[in-house]
Structure formats: C-alpha cells, structure tokens
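Numbering-wise (this note's numbering), the sequence shown opens with residue 549 and increments by one.
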Amino acid sequence: MILSSLFRPATARLHILFTSRGRLMSFLDWPIEHCQSGGRAGDTRRRKSASHLISLFARAFPQITYRLIWDSPLINAQAWRLGKGRNVYLYGGLVRHPVITRAGLAVALAHETGHHLGGQPRDPDMTWMSWQGQADYWAAHVGMPAVFGDSARTLTLRGARQIGNLERQLAGDMDEWASDLSPAVRLKIFSAGLRGEAMPTCAIDEFKKLSSSRLGVKTWAL
Ligand SMILES: [Zn+2]
Numbered sequence: 549m550i551l552s553s554l555f556r557p558a559t560a561r562l563h564i565l566f567t568s569r570g571r572l573m574s575f576l577d578w579p580i581e582h583c584q585s586g587g588r589a590g591d592t593r594r595r596k597s598a599s600h601l602i603s604l605f606a607r608a609f610p611q612i613t614y615r616l617i618w619d620s621p622l623i624n625a626q627a628w629r630l631g632k633g634r635n636v637y638l639y640g641g642l643v644r645h646p647v648i649t650r651a652g653l654a655v656a657l658a659h660e661t662g663h664h665l666g667g668q669p670r671d672p673d674m675t676w677m678s679w680q681g682q683a684d685y686w687a688a689h690v691g692m693p694a695v696f697g698d699s700a701r702t703l704t705l706r707g708a709r710q711i712g713n714l715e716r717q718l719a720g721d722m723d724e725w726a727s728d729l730s731p732a733v734r735l736k737i738f739s740a741g742l743r744g745e746a747m748p749t750c751a752i753d754e755f756k757k758l759s760s761s762r763l764g765v766k767t768w769a770l
C-alpha cells in the first residue's frame, strides 16, 4: 500500500499503518532532515511564510483542513482522509529545507489538495484520491490559479523546479529511492496543466504501468 504524498517512493515499505473506519492513515519510509533545526536563522520567517500559505489555501478550499506540523523532521507533505474529513499536512522538514522556498511550499500544498479534488484518474491503490500525476496536473491547472491568480504561473514553474531538484537530491542521498514519477515527467505535467494542454503521453504511460502492476488493470480515464 502506498500513501499519497509529495514524494512517493515506488519501493516504499509499509512501516506504520493506522486505520480508522477503514482509511489508510500513515506509513513512514519518507526522507527526514539529517539534523533538525534548533532555531536556525530564517526558521521564524519560513514558519510564518508556511502558515500564511496555509491560510490562503484554507480560504480558497474551505472543504480541506490544512495543518503545519512544524516539529516534524519529515521532508514531505501529505493528503489523507478520516471519515469524511479531508486533510492536508505540511511537515516541518520540507518547510525548512534549503532548496525549498515559498513557491515550492505552495506547489506542495496545491499538489496535496489535488489528491482530494483532482478527480480522475484515481490512484490504483487508494481510489479515494487522485493519482499522483493528476494531483500535479490539477495543482498547476486549478489549484495554484485559484489561490494566486495572475502570479500562479511564475510561482508554479519555480516551485515545480524546486520540488524536482529536491527529489533528485533525495534520490542521491537515499539508497533504493525510486519514485514512481520522475522529476522530468512531473515538470512536463505541471507545464501541461499550466497551459491547459492534455496530460503528456509520457505521464499516461506511467499511469498505465502503475495500473497494470496492480491486480486489476485500470484504463486511462481522464
Ligand atoms: Zn502526491
């Protein structure tokens, strides 16, 4: 079973599983900070910036509950459901990461929101949520413009590049890291979403591969 997140290792092992009313909640095979900040310069500014972003997203998407988990060393963000509640968590390790700025955090929040609101195609494993690539597409096409208006394009491109750079860095740091969508494919998805173009063929191919590796083969239905 795989959990929705900004970075989704294809080979992730399930370590912790907490369910409530049948919902998958959490697993930990995610990257964490090497040494957690103890009041590093700039932390206060980053924390304020993240909190402000969360307030913007909460205003645009009131059906989602957003939280900043500042004390967590996880370098990630997460979408999850509990009953009918739709949640997005942004973890401190991502907020404090040197390659991520406000733009990267905004794209991360838009991506996680896209897991809830992005529609078809859905994840082959967890059908309550939109597939990883669809969450990226929705983030660029709908989520970012809804929050940032005319500034969305610049912020999305900048943030998407930051997330790609971070994923490349994580892949270099962690053995056996293999994401189900490469940073290059994700950037193409973000670009297509910004322009309102169709989902790139390379992304559709990745979805088909993911679906066919599961028990029931699902067809592409965007
Ligand atoms: Zn995701």
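All residues carry an ideal CB built from backbone N, CA and C; glycine is no exception.
- Segment contact: the segment 642 to 652 against the segment 663 to 675, fewer than three CB-CB distances shorter than 8 Å; contact not assigned.
- For Thr613, the enclosing beta strand (DSSP E) covers residues 613 to 617.
- Taking C-beta atoms as the reference points, Ile623 and Pro579 count as a pair closer than 8 Å.
- The DSSP-derived three-state label of Asn635 is strand.
- With a contact defined as Cβ atoms closer than 8 Å, Ala625 and Leu657 qualify at about 7 Å.
- Nearest Cα to Asn713 within the set Ser730, Arg593, Leu601: Ser730.
- In the three-state reduction of the DSSP assignment, Trp676 falls in the coil class, being assigned neither a helical nor a strand state.
- Where Arg734 is concerned, the enclosing alpha helix (DSSP H) starts and stops at 731 to 743.
- Between ligand 1 and His689, a heavy atom-to-CB distance of less than 7 Å is absent.
- According to the DSSP secondary-structure assignment, Gln626 is paired through a beta bridge with Tyr637.
- Relative to Ile711, the option among Ala694, Ala740, His645, Arg701 whose CA is nearest is His645.
- DSSP places Arg588 outside any alpha helix (DSSP H), giving it a letter other than H or E.
- By the neighbour-count criterion, in which 16 or more other beta carbons inside 10 Å mark a residue as buried, Asp728 falls on the buried side.
- Here Glu754 has Gly681, Asp728, Leu729, Val733 as same chain residues with Cβ atoms under 8 Å from its own Cβ, once five neighbours each way along the sequence are excluded.
- DSSP lists Ser678 as the bridge partner or partners of Arg670.
- The beta carbon of Phe609 lies closer than 6 Å to those of Thr661 in the same chain, with the five residues before and after it left out.
- In this structure, ligand 1 has a non-hydrogen atom nearer than 7 Å to the beta-carbon of Ala683.
- For the set Pro669, Ala687, Arg670, the Cα lying nearest the Cα of His659 is the one of Ala687.
- Residue pairing of Ile580 in beta bridges, as defined by DSSP: Leu622.
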